[in-house]
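So the structure is just underneath, and the comments pick up after that.
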Amino acid sequence: MNMSGFQQRVKQAKAENLWLLAGLALAFTPHFLRLPLLVMLPSIILLCWRLLFELRYLALPPRTVRWLLTLVGILATWIAFGTLVGRQAGVGLLVIMLCLKLMEMNAQRDVGVVIGLGFFVVITVFLFDQSIFMGLYMLLVVTLLVTALTAFSRDQSVIPQWANLQKAGAILTQALPLALLLFFLFPRIPGPLWSLPADGTSAGTGLSDSMSPGSISQLSDNDSVAFRVQFDTPLPLPKKRYWRGPVLTQFDGRTWSNPYPQRHAIHLSMNSQYQVSGTPSLYTVTLEPHQQRWLFALDLPAMIPPDSHLSDDYEIIANQPVRQLVRYSMRSFTDYRLAKDDIPDILPYLQLPAESGIQARQLAQQLRQKVTDNAAFVQTVLNYIAEQPFYYTRQPPLLLNDPVDAFLFNSRRGFCEHYASAFVFLMRAAGVPARVVTGYQGGEMNPQSDYFIVRQSDAHAWTEVWLRGEGWRRIDPTAVIPAERIENQQDLARILPEMAGAGATPNWLKKIGRQLSFSWDRINHTWNQWVVNYNTQRQQDFLSHMFASAGFDNINWQEMISLLVAGMTLVMAVVAVYLLRPWQRQNQDPAQMAYERFCQRLSRRGMQRQPTEGPLDFARRASQQYPQRAREINNITALYERQRYAPCPTQGNLQRLQRAVRDFIV
Amino acid sequence: MQNNESTQRLDAIVAHASQVVLGKQHEIRLALTCLLARGHLLIEDLPGVGKTTLAHVLAQTLGLQYQRIQFTSDLLPADILGVSIFDKSEQGFHFHPGPVFAQLILADEVNRATPKAQSALLEAMEEGQVTIEGKTRPLPDPFFVIATQNPTYQIGTFPLPESQLDRFLMRISLGYPDAEAERALLTGDDRREILKQHRACIQPGQLAELQQAASNVHVADALLDYVQALLDISRRSPQFTHGLSPRAGLALLRSAKAWALMAGRDHAMPEDVQTVMPHVVSHRLQAVAESSQGDKTLLTLLQDVAIP
Amino acid sequence: MSHTTANTTTPTIMNLRHRFSLKRFFAGEGPEPGPVFLAQRRVYILPSKMGVYFAAMMLIMLLGAVNYNNSLAYALTFLLASIFFITILHTYRNLLHLRVDVGQIPPVFCGEIAQVPIMLDNRRSATRYAIKLQLRNQQHTSVDIAGDQWQRNNAPLLTTQRGRHTVPRLTLETGFPLGLFRAWAYAQRDICYLVYPTPDQHHHLPDESSYHLDLQGDRGHGADDFAGLRNYHAGDSLRHIHWKTVARGQDMFTKQFGGDQAIELWLDWDSLPNLDTEARLSRLTRWVLDASATQANYGLRLPNTHIPPGMGPAHQQQCLRALALHGINPDTDIS
């Protein structure tokens, strides 16, 4: 391929179509990475086809081929997703249809349609990812699409392409303040307006609704943020930072799960089984989407966020899976008593699989017989773990058959899920009601800001044991492992919070790395607070706070609209003034300025100087009109003439002129 | 020479000439302006309105040597410039200077002559000298040509080409006299008799001083801006096939300076430019379409430019 | 009370009424004597068809954003809406404060396309792009005007009727930069142009009977052809002396030149009795052109006009003008 020939082709191609194709390709890229190849491959081929057509290497397919391609596209989507509705399938269909539209984009109207659809593709990208990076990336896509629109509106005239880009850039820059106003002031309507089609297959990171060996340890290296917390009250003590998540009661020998996720919702206020003491912790959680329904709260939650309910295991269950960042205010009591006197249905907490853990059952029997009550039994089991050579490790050996026995008597190396699982098994085997609680433990403060970060690596499993007269007591069997049997320094700090920072050697490179990661997290947090999670409630709070001094205590949507209109008018006026630049005038001679003042004064009396009228002519006319002022008029004119037209104008003369004009009052 | 002295002298000249050419003071002033600006004058008007008289009286009041050439279709360049004739008594060629060797020439009905004859005169005007048979002969100083031309198109006439019209600093027309002047003209003495009694108003050499004074008139930046704006708009306006040339700009400025001197100022004003402008540019601009509006188009030129 | 207020409209109210009149909106200001300056009150702006679609698209996007509670979808929708609003200013500015003048048009023959010179003067440092020029009911052209520049463009004008017409209203229109809005302004100058009748296809000049031969022939008054010798008179040009005879010792003769012999051709309205008015004018136009091409000395006779024989471009123009304006009061426009 001859290079200059290629450049020639680029030069001769329709500029708006090239900009459009570039914009579309960039808009599709996130989808290409996310959706199945079966759906995306036809789109890539069609996009390339159009590009080759623009460069005049290929012709467009005839109508029959286009119909065929349409059918293939729909079929591919259907095969890939098994449906044509839903978020993923819908996006696949939109992308395919848009690419097919490219095959018949001839008329002016079609270009407009395709550019419009391009903006829709950008929106669909946001359905999957609302990160700060994606936001900036899509700004680039929008710039390209607007440039395409600019090139498109050029009609027949030929304009350098940089001018198109420049124009689009200028428009975007000027539009940004307006967009900000709209974003913050436009009244947010709480959605959804209609129910969204369910989307089963999308998997999120984080805790799942079941626990088997390895399911939590696989998260131990995952540094992504699970949720962030802003405390309004002092931080709870490190040993009380248990973030309660799914509670698992049923065990099949390998996996813990919850067979009745929504047994029945309970109401805190009506529950006599629930007793709290001490001061509550007040805080706000910003939860990253994890595609499951539970919300996390400090153990034990004392309120229920909107659009959710509490299960009788004290899990907070949202009405919809958390597909987007959610933000909720919470209140928790870290000192509590639960079901002190009785539990209505004890059987699920004693369930054990029939043919597993034979050795463990025996061990439980032995240990139980040594002590008198259940509380002592709990302590005995904990002592057993502490004394026997149990290790805490991130890479536990794979346990194939009967994992409880294999762990307790063979490997003795495990992560929290192993200990929690084994502990609950031993409890139940001895007739003590117990359950596994998963969630997060610990977290850290962002030293550069005022919020608390809980990461996926903080995922944890612990247990609750029911003791008569005391109720459910939280027992964390991993916490009893001595420090020398913990393999990882970080885990040491986590499991034994009192020892945090003790063994940390300050390495400056690591320190900077940590600083940077905290900075980045703070940016992300701000982005989440102000952009991603800016919803009806947050808008209400923010605006009420902002305009509290102006008397808007509880701002309503009419007031928002008024503020919005006022703000937009102001911005538009500023942009209009900037665009038209009325101040751009040539510097004027002071003599001329004085003379113009003189003319203005006369014009107030209806004596208007024509712009083409010379000063002498005007003086003659004015003197006829005002004979009594003729002397002054002629004097001013003579001074002006001498200053502006005669050789050697002087400062003194200018001052005389200015004085004469000042004294000339009609 | 002081400026006001010059002005007095010029006023005297105008007053003098006005006694002969009645009711045409403005045109006399324009003609004099043209002369002060060292330019040549084209008068376009019907026969009998006093073109010849005007030229004659100017020559007389200024004490200039005067020649009239009647242009006809068979006029040859030699008839204007002169010819060398073999003189038998001296056994050599002897140059007989043509009528062009005079200080003020009236070229009557210049469009009747062939382009060849016309160009002989126009070249002399441009260069201030004539070359005959290889020998260059200077023309007298001052050298001032007043050409007249009948505006109506007739068979057998050769309208001056545009490029040559440019050689004339101004084009004016006299028009009919007003009623009062006409009456005086009808009842008064024969103009030719009055002309005979006329005396020059200035000494030889004083005209050169006056011309020098005119070129010394000050032009301020503000005025240059105005002239430039006028030139600019003429080039922008779609009413004309092409705009004013830089030479036209110079002509405009020279005329405005001379007019300012006539008005007794040592500096030119926008009004001076406005007064001389139609006469300086009308023959240099060609309207795209022949329009009945004529000079109105020119006036819009002035009306489109605000005085800076 | 209302009755009296209605009768005594103050000038301001009149101005306002004029300013917001629908007639201005649809028809413009009418012919004006000078160059047209597109001040604010003269530039109109409304969303284009594409702009309406764009707005509808934004509404759908907003619904989607609400439904999915997606903040970045909100942000994109609002960004597009802001672009929409900002484009109003850009499109308006693209036309605002432009100076427009319409030039004189040389006469054309009916059926030809006249090129109307349009002078556009951009006194702003920014380029104005994609401005569409269109004379009423005519083809359009699209132009760019660089910053601080003026330029002359031609707008095509198809002539359909002979006579003198005012140049029709010019519409300046622009959708730049995004095509979401359409800003437009009207400009009309009081400039007339002359349309000559369409020349007939019939090329034959009138037959012999209408020739009027000048029987006197060559009178030796021209300058083209040598026509003989005559005796020398004092005052004859030296150049015309026949030196050969002088050299032979004979009397002095002067050479005579001629060329003023010409056919006088009369193009007569009455010689075409079988045709209707327009056909006659058409035929006469053709004859004028042909006669001019053959350097004939021709005159024109119309019912109310009588142009004596002559030649040259001015004479031709005079004849064509008479034909164009035949039956039309030259002071009134028929457009």
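Note that the protein sequences, when read in sequence, are chains W, E and Z.
In this text, residue positions in the first sequence follow the numbering used here: the first is 1, and each later residue adds one.
In this text, residue positions in the second sequence follow the numbering used here: the first is 1001, and each later residue adds one.
In this text, residue positions in the third sequence follow the numbering used here: the first is 2001, and each later residue adds one.
The beta-carbon is built from N, C-alpha and C at its ideal position, and this holds for glycine as well.
It should be emphasised that the depicted structure is a prediction, and the values quoted were computed from it without experimental measurement.
| query | result |
| --- | --- |
| Tell me the DSSP secondary structure of V114/W in three-state form. | helix |
| In whole angstroms, give me the CA-to-CA distance for A1184/E and F664/W. | 47 Å |
| Can you give me the C-alpha to C-alpha distance between A2314/Z and L2157/Z, rounded to a whole angstrom? | 25 Å |
| Interface residues of chain Z around G135/W at Cβ under 8 Å? | L2072 and A2075 |
| Beta-carbon within less than 7 Å of P397/W's beta-carbon, same chain only, minus the 5 sequence neighbours each way: which residues are those? | S411 and R413 |
| Answer with yes or no whether the minimum CB distance from V2167/Z to chain E is below 8 Å. | no |
| Whose Cβ in chain E lies nearer than 9 Å to the Cβ of E641/W? | R1265, H1267 and M1269 |
| Relative to the C-alpha of E1127/E, which residue among G1039/E, E1044/E, Q1149/E and E1162/E is closest? | G1039/E |
| Would you give the residue range spanned by the alpha helix (DSSP H) that F1086/E belongs to? | Taken as a continuous stretch (DSSP letters only), F1086/E belongs to no alpha helix (DSSP H), being part of the beta strand (DSSP E) at G1082 to D1087. |
| Span of the alpha helix (DSSP H) holding P1270/E? | P1270 to V1281 |
| Based on Cα-Cα distance, which residue from D402/W, R473/W and Q174/W lies nearest to M427/W? | R473/W |
| Going by C-alpha to C-alpha distance, which of H1016/E, A1263/E and D1079/E sits closest to F1101/E? | D1079/E |
| To which residues of the same chain is L1010/E closer than 6 Å at the C-beta, ignoring the five residues directly before and after it? | M1262 |
| So the candidates are S1237/E, R1137/E and L1122/E; which of them puts its Cα closest to the Cα of V2100/Z? | S1237/E |
| Between which two residues does the alpha helix (DSSP H) containing D2101/Z stretch? | Segment L2098 to V2102 is the beta strand (DSSP E) holding D2101/Z; no alpha helix (DSSP H) there. |
| Name the chain W residues whose beta carbon is nearer than 7 Å to that of V2052/Z? | The premise fails here: V2052/Z is roughly 11 Å from chain W at the closest Cβ pair, so nothing lies under 7 Å. |
| Measure from the C-beta of M572/W to each C-beta in chain Z and report whether the shortest distance is under 8 Å. | yes |
| Would DSSP call A1263/E helix, strand or coil? | coil |
| Which chain E residues sit within Cβ distance under 7 Å of L602/W? | Here the premise fails: no neighbours, minimum Cβ distance about 16 Å. |
| So what does DSSP say about L2063/Z, is it helix, strand or coil? | helix |
| Among the residues of its own chain, which have a CB less than 6 Å from the CB of V480/W, if the five just before and after it don't count? | L382, I385 and A386 |
| Jot down the residue ranges of each uninterrupted alpha helix (DSSP H) in the region 413-497 of chain W, minimum 4 residues, whole runs only, in chain order. | 416-429 and 489-495 |
| So for Q174/W, helix, strand or coil by DSSP? | helix |
| Quick one: what does DSSP say M2252/Z is sitting in, helix, strand or coil? | coil |
| Which ranges would you report for the alpha helix (DSSP H) in the region 2251-2316 of chain Z if only whole runs of at least 4 residues count? | 2277-2293 |
| If you draw a straight line from the alpha carbon of A339/W to that of D405/W, how long is it in whole angstroms? | 31 Å |
| Taking the Cβ atom as the reference point for each residue, do T77/W and A89/W lie within a distance shorter than 8 Å? | yes |
| Answer with yes or no whether the minimum CB distance from Q1008/E to chain Z is below 8 Å. | no |
| Looking only at its own chain, which residues have a Cβ that is under 8 Å from the Cβ of P61/W, when we skip the five neighbours before and after it? | W49, L69 and M103 |
| Three or more C-beta pairs under 8 Å: does that hold for the region 2091-2109 of chain Z against the region 2122-2140 of chain Z? | yes |
| Would you call the CB atoms of R9/W and R56/W closer than 8 Å? | yes |
| Pairs of beta-carbons, one from the region 225-237 of chain W and one from the region 442-454 of chain W, closer than 8 Å: are there three or more? | yes |
| Does any residue of chain Z bring its CB to less than 8 Å from the CB of R473/W? | no |
| Can you find a C-beta in chain W that's less than 8 Å from the C-beta of V2195/Z? | no |
| Assuming S411/W is part of the beta strand (DSSP E), what are its boundary residues? | Looking at the DSSP string, S411/W is not in any beta strand (DSSP E), and its letter there is neither H nor E. |
| Put M593/W into one of helix, strand or coil per three-state DSSP. | helix |
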